[in-house]
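Residue numbers (this note's numbering): 34 to 351.
Glycine included, each C-beta is placed from N, C-alpha and C at the ideal position.
Okay, structure first, notes after.
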């Protein structure tokens, strides 16, 4: 009898094979099949076309029949007179955007969490994340209407206060990055703060009550309870943001570009579009090589950010 019980216990504790686990939870894996199939078809299968970065692509010969040129497309990009300018603009705008748009939602979430009135808190939260759902085209159109130096709100107030025509800041290349970043703050802060608000909502209120009994101030509650509670979430979001640092918003930059600010607004993604599609040459090989260079830099930065986060606080995405 004891041997039978022991045998049954061993059978129960025996780890299941992968096939058995899938069979036991086939409904979950069936649902998982949909996004996996989507990713394979639209994300991984197209990656086979990256080989044209090392070829001189010819429509008539196709990808496989086009002649191999090795690193010539990369060398052509690195030797281009626009390489330094494009890389500088991309890094300047992306780093500026990261340093501003990453901490602002965290600060907003902490302030909103400390707000006493629940009714007003919900109203403020709803009001601030609505702009996120405005399309990029509409957003840029609003910027043009508001910042127009003649008929916009900016131009009207400037003329009202000074009696002179306002300078056209939309054509001032040095102001391009400021307009891009701070309009992004207005549009994305409320939506980006949702994940931090959710993390703060899960904080055990007993910790706050115990700290108040011990005489902790509002700032001390914020410093020793609220901030540590969202630190793991903030670390993950920072890693993802750093890994995406070279991918500046293509649509918004392209729509905001003009001939007068092009030297300050031309970035890698817009240059790839112009080289591959908008120009008369349509050099797909060169545009693919530039995109691959961009992705490799992002991947390296992602690895560095993940390594640094794990060293500092033990949190990482892999």
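Simplified DSSP assignment, three categories, for residue i
i: residue 259; result: helix
i: residue 154; result: helix
i: residue 247; result: coil
i: residue 88; result: strand
Check whether residue i and residue j have beta carbons under 9 Å apart
i: residue 203; j: residue 182; result: yes
i: residue 143; j: residue 259; result: yes
i: residue 288; j: residue 102; result: no
i: residue 167; j: residue 272; result: no
i: residue 206; j: residue 130; result: no
i: residue 270; j: residue 135; result: yes
i: residue 285; j: residue 213; result: yes
i: residue 325; j: residue 56; result: no
i: residue 186; j: residue 275; result: no
i: residue 145; j: residue 158; result: yes
i: residue 352; j: residue 209; result: No answer is possible for residue 352: the residues shown for the chain start at 34 and end at 351.
i: residue 226; j: residue 149; result: no
i: residue 292; j: residue 331; result: no
i: residue 91; j: residue 98; result: yes
i: residue 84; j: residue 96; result: yes
i: residue 127; j: residue 281; result: yes
Closest Cα partner of residue i within the set the options
i: residue 250; options: 173, 236, 110 and 147; result: 147
i: residue 262; options: 274, 253, 233 and 248; result: 233
i: residue 307; options: 70, 226 and 323; result: 323
i: residue 140; options: 296, 255 and 286; result: 255
i: residue 211; options: 184, 180 and 188; result: 180
i: residue 125; options: 296, 332, 194 and 310; result: 296
i: residue 89; options: 309, 333 and 334; result: 309
Residues of its chain near residue i, where Cβ-Cβ distance is below 6 Å and the 5 sequence neighbours each way are ignored
i: residue 327; result: 279 and 301
i: residue 162; result: 223 and 224
i: residue 4; result: The first residue shown for the chain is 34 and the last is 351, placing residue 4 beyond what the model contains.
i: residue 69; result: none
i: residue 283; result: 302
i: residue 342; result: 268, 272, 348 and 349
Spatial neighbours of residue i in its chain, beta-carbon cut-off 8 Å, leaving aside the 5 residues before and after
i: residue 346; result: 264, 265 and 268
i: residue 299; result: 115, 118, 119, 122 and 290
i: residue 334; result: 275, 276, 278 and 279
i: residue 329; result: none
i: residue 160; result: 223
Residue i: CB within 8 Å of a non-hydrogen atom of the ligand COA
i: residue 190; result: The ligand COA is not among the ligands present in this structure, which contains no ligands whatsoever.
Proximal residues to residue i (C-beta, below 7 Å), its chain only, five neighbours per side dropped
i: residue 109; result: 319
i: residue 191; result: 199
i: residue 219; result: 164
i: residue 173; result: 285, 288 and 289
i: residue 221; result: 134 and 165
i: residue 112; result: none
i: residue 201; result: 182
i: residue 188; result: 181, 182 and 199
i: residue 240; result: 258
i: residue 339; result: 272, 349, 350 and 351
i: residue 62; result: 55
i: residue 344; result: none
i: residue 93; result: none
Interface flag, residue i vs chain B, CB-CB below 9 Å
i: residue 225; result: No chain B appears in this structure, which consists of one protein chain only.
Contact between the segment 88-106 and the segment 305-325 is defined here as three or more beta-carbon pairs at a separation below 8 Å; is this criterion met? yes
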